[in-house]
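Numbering (this note's numbering), first residue to last: 12 to 79.
Contents: one structure, followed by commentary.
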């Protein structure tokens, strides 16, 4: 699925549709898998994740995860 928020070059937090199992989140930017702890961190309490650096405007984000 894709986050509700769109990359704008300054936003770093993106949401998932529901709470997910810790460690199951996979995030993609323009089709390329991102490395947890390097490119993003899980924000399970917020049902989402935070990028280390804001993705530029126009980037296509997607994520997948196991539902709790």
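Glycine is no exception: its CB is placed at the ideal position from the N, C-alpha and C atoms.
- Taking the C-beta atoms as reference points, residue 26 is found nearer than 9 Å to residue 57.
- In summary, residue 78 is exposed, with fewer than 16 beta-carbon neighbours lying within 10 Å of its beta-carbon over all protein chains present.
- Its chain contains 38, 45, 60, 61, 62 and 63 as the residues whose beta carbon lies nearer than 7 Å to that of residue 51, once the 5 sequence neighbours on both sides are disregarded; these appear in chain order.
- Measuring C-alpha to C-alpha distances from residue 31 to each of 53, 73, 66 and 42 identifies 53 as the nearest.
- Bridge pairing for residue 37: 75 [DSSP].
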